[in-house]
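Note that my numbering has the sequence shown beginning at 46, numbered continuously upward.
Glycine included, each C-beta is placed from N, C-alpha and C at the ideal position.
Here is the structure we will look at, set down as structure tokens.
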Amino acid sequence: MKVILLEDIKGVGKKDQVINSSDGYARNFLFPKKLAVEANNENMAKLKAKQDSNQYKKSQEKEEAQKLAENLKRIMLKLEVKSGENGKIFGSITAKEIADSLKAQYKIDIDKKKIDLKEPIKTVGSFSVSIKLYEGIVGTLKVQVISK
Numbered sequence: 046m047k048v049i050l051l052e053d054i055k056g057v058g059k060k061d062q063v064i065n066s067s068d069g070y071a072r073n074f075l076f077p078k079k080l081a082v083e084a085n086n087e088n089m090a091k092l093k094a095k096q097d098s099n100q101y102k103k104s105q106e107k108e109e110a111q112k113l114a115e116n117l118k119r120i121m122l123k124l125e126v127k128s129g130e131n132g133k134i135f136g137s138i139t140a141k142e143i144a145d146s147l148k149a150q151y152k153i154d155i156d157k158k159k160i161d162l163k164e165p166i167k168t169v170g171s172f173s174v175s176i177k178l179y180e181g182i183v184g185t186l187k188v189q190v191i192s193k
């Protein structure tokens, strides 16, 4: 009997996957526990519609990420910090501070975990920071650290 899984089941399959199962397993275990539904025409049409919807959402997110990557190329984020004599700043600039400044100055909300900063910035100058926006899409942001 062909069934559509409603949840991930270890050793059986993933959610929204169509599998062949024995009649007894489907009727006595999967159906009563609402883990699967029968793969009839109606349920297959619902599954197809759901997959199409998810595909559309992913393409929209990817398109938005590409636009954001283009916008980030044009931005020069300026951060003012207190610094010592030879350009060393007191403390350091972290991904969180970059994300907060980007939101405050340009109204762009990016999660600090997506900012790929190898190590915190500890000197005055210009830096290029990469930001992971989506699978395979990485934006580059120019950060200029200036002394107060």
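Inter-segment contact for the stretch 138-149 and the stretch 76-83 is absent: fewer than three beta-carbon pairs are separated by less than 8 Å. Excluding the 5 residues flanking it on each side, Lys167 has same chain C-beta neighbours closer than 7 Å at Lys133, Ile134, Ser137, in chain order. Here the stretch 178-186 lies against the stretch 95-114, with 3 or more beta-carbon pairs under 8 Å apart. Distance between Glu52 and Lys59, taken at the CA atoms: about 7 Å. Taking a C-beta distance under 9 Å as the contact criterion, Leu117 and Gly184 qualify as a contact pair. For Glu83, the enclosing beta strand (DSSP E) covers residues 81-83. Taking the CA atoms as reference points, Ala140 sits about 28 Å from Lys102. Gln96 has its alpha-carbon roughly 59 Å from the corresponding atom of Glu130.
Between Ala94 and Val63 the beta-carbon gap is near 15 Å, outside 8 Å, which marks them as no contact.
With 16 or more other Cβ atoms from the protein chains shown falling within 10 Å of its own Cβ, Ala71 counts as buried.
Judged by DSSP in its simplified three-state form, Leu113 adopts helix.
Between the alpha carbons of Val48 and Asp61 lies a gap of roughly 10 Å. Less than 9 Å divides the Cβ of Leu124 from the Cβ of Val190.
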